[in-house]
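Trainee: One structure is given below, represented as structure tokens, and several questions about it will come after.
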Amino acid sequence: MTAKQIAGKKYVVKLSDTERERLNTLIHSGKHPARQLTKARILLKADASEAGEGWSDSRIAAALDTSIDTVARTRQQLVEEGFESVLTRKHSPASARLRIFDGAAEAKLIALACSKPPKGRARWTLQLLEEAVVELNIVERASDNTIGRTLKKTCSDPTCNGNG
Numbered sequence: 001m002t003a004k005q006i007a008g009k010k011y012v013v014k015l016s017d018t019e020r021e022r023l024n025t026l027i028h029s030g031k032h033p034a035r036q037l038t039k040a041r042i043l044l045k046a047d048a049s050e051a052g053e054g055w056s057d058s059r060i061a062a063a064l065d066t067s068i069d070t071v072a073r074t075r076q077q078l079v080e081e082g083f084e085s086v087l088t089r090k091h092s093p094a095s096a097r098l099r100i101f102d103g104a105a106e107a108k109l110i111a112l113a114c115s116k117p118p119k120g121r122a123r124w125t126l127q128l129l130e131e132a133v134v135e136l137n138i139v140e141r142a143s144d145n146t147i148g149r150t151l152k153k154t155c156s157d158p159t160c161n162g163n164g
């Protein structure tokens with residue numbers, strides 16, 4: 001890569017010998033997630049130091065069968081956040097849903113499921129439990145699927161062989 005091409009890039013990748021060695025070891029040994037291996041290969045190809053290859057984004061994208069944007073984001077992440085952050089996947093706490101049934105609500109649901117069913121019914125159905133937990137203000141809303149998963153987890157659902 002010429003000096004003019006490097007000057008035009010906003011995020012220039014320059015790896016140290018230890019970083020380059022770590023990426024090579026990562027690629028050639030053990031089992032690692034595909035995303036991590038792709039990012040390691042991108043960094044090795046984009047390395048503009050003397051020992052690196054210094055490929056362009058479009059050439060890297062074509063060689064690794066990925067998008068130019070992925071290559072650009074990987075370069076940017078290395079420069080802004082550092083070497084370790086490129087190789088570790090971020091976990092977003094916002095992506096996890098909050099549980100509908102906390103411990104107390106779950107206990108009330110189990111007690112309800114183990115109680116006598118409504119008049120005219122032989123047993124509780126998930127739909128009946130769904131209506132009952134909202135009616136009794138145990139939770140604001142819940143689907144029969146959520147109730148089924150919660151009861152299955154505690155082995156208290158009506159279809160489980162050993163209730164309780």
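According to the numbering used here, the sequence shown holds residues 1 to 164 in order.
All residues carry an ideal CB built from backbone N, CA and C; glycine is no exception.
Does Asp-168 pass the burial test, meaning 16 or more other C-beta atoms within 10 Å, or should it be called exposed?
Mentor: No answer is possible for residue 168: the residues shown for the chain start at 1 and end at 164.
Trainee: Measure how close the beta-carbons of Ile-42 and Thr-74 come, nearest whole angstrom, since I'm counting them as under 8 Å.
Mentor: Here residue 42 corresponds to residue number 42 of the sequence shown, with the count starting at 1. Here residue 74 corresponds to residue number 74 of the sequence shown, with the count starting at 1. With 8 Å as the limit, Ile-42 and Thr-74 qualify as a contact, their Cβ atoms being about 5 Å apart.
Trainee: Within the chosen definition, does the region 79-96 reach the region 60-68 through at least 3 CB pairs nearer than 8 Å?
Mentor: no
Trainee: Look at the alpha carbon of Leu-128 and the alpha carbon of Lys-152, and state the distance between them as a whole number of angstroms.
Mentor: As a working mapping, residue 128 is identified with position 128 in the sequence shown. As a working mapping, residue 152 is identified with position 152 in the sequence shown. C-alpha separation (whole angstroms): 16 Å.
Trainee: Decide if the region 135-144 is in contact with the region 102-120; the criterion is three or more beta carbon pairs, one per stretch, under 8 Å apart.
Mentor: Judged by Cβ distances under 8 Å, the region 135-144 makes contact with the region 102-120, as three or more pairs qualify.
Trainee: Taking the straight line between their C-alpha atoms, what separation do you get for Ala-94 and Val-134?
Mentor: Here the question's residue 94 lines up with position 94 in the sequence shown. Here the question's residue 134 lines up with position 134 in the sequence shown. One C-alpha to the other measures close to 26 Å.
Trainee: For a test of the three-state rule: what should DSSP assign to Asp-57, helix, strand or coil?
Mentor: For the purposes of this step, residue 57 is taken as residue 57 along the sequence shown, with counting starting at 1. If DSSP states are grouped into helix, strand and coil, Asp-57 belongs with the helices.
Trainee: Trp-55 and Lys-45 - do their beta-carbons sit closer together than 7 Å?
Mentor: Position 45 of the sequence shown, counted from the start, is the residue given in the question as residue 45. Position 55 of the sequence shown, counted from the start, is the residue given in the question as residue 55. Cβ distance < 7 Å, so Lys-45 and Trp-55 count as in contact.
Trainee: Identify the continuous alpha helix (DSSP H) that holds Val-134 and give its terminal residues.
Mentor: Counting from 1 along the sequence shown, the entry for residue 134 is found at position 134. First-last of the alpha helix (DSSP H) with Val-134: 126-135.
Trainee: For a test of the three-state rule: what should DSSP assign to Gly-83, helix, strand or coil?
Mentor: Walking along the sequence shown from the start, residue 83 turns up at place 83. In the sequence under discussion, the amino acid at residue 83 is Phe, which differs from the Gly named in the question. It is helical.
Trainee: Can you say whether Ala-142 is buried or exposed, counting buried as having 16 or more other CB atoms within 10 angstroms of its CB?
Mentor: Taking the sequence shown and counting its residues from 1, the one referred to as residue 142 is at position 142. Buried is the call here.
Trainee: Do Leu-87 and Ser-49 have their beta-carbon atoms positioned less than 7 Å apart in this structure?
Mentor: The residue you call residue 49 lines up with position 49 of the sequence shown. The residue you call residue 87 lines up with position 87 of the sequence shown. No, these two residues do not count as a Cβ contact at 7 Å.
Trainee: Using beta-carbon positions only, say whether Gly-110 and Thr-146 come within less than 7 Å of one another.
Mentor: For this step, residue 110 is matched to residue 110 along the sequence shown. For this step, residue 146 is matched to residue 146 along the sequence shown. In the sequence as presented, Gly is not what sits at residue 110; that position holds Ile. It is not a contact, given that the beta carbons lie outside the stated cut-off.
Trainee: In its own chain, which residues sit with a C-beta less than 6 Å from the C-beta of Tyr-11, not counting the 5 before and 5 after it?
Mentor: Stepping through the sequence shown from its first residue, residue 11 is reached at position 11. Excluding positions up to five away in sequence, the list reads Arg-75, Gln-76, Val-79.
Trainee: Would you mind reading off the limits of the alpha helix (DSSP H) that contains Thr-154?
Mentor: Here residue 154 corresponds to residue number 154 of the sequence shown, with the count starting at 1. Residues 144-154.
Trainee: What first and last residue would you give for the alpha helix (DSSP H) that runs through Gly-103?
Mentor: Residue 103 sits at position 103 when you count from the first residue of the sequence shown. Element bounds for Gly-103: 103-114.
Trainee: Given that a residue counts as buried once 16 or more other Cβ atoms are within 10 Å of its Cβ, and exposed if not, what is Leu-98?
Mentor: Along the sequence shown, read from residue 1 onward, the residue named residue 98 stands at position 98. Flag for Leu-98 reads exposed.
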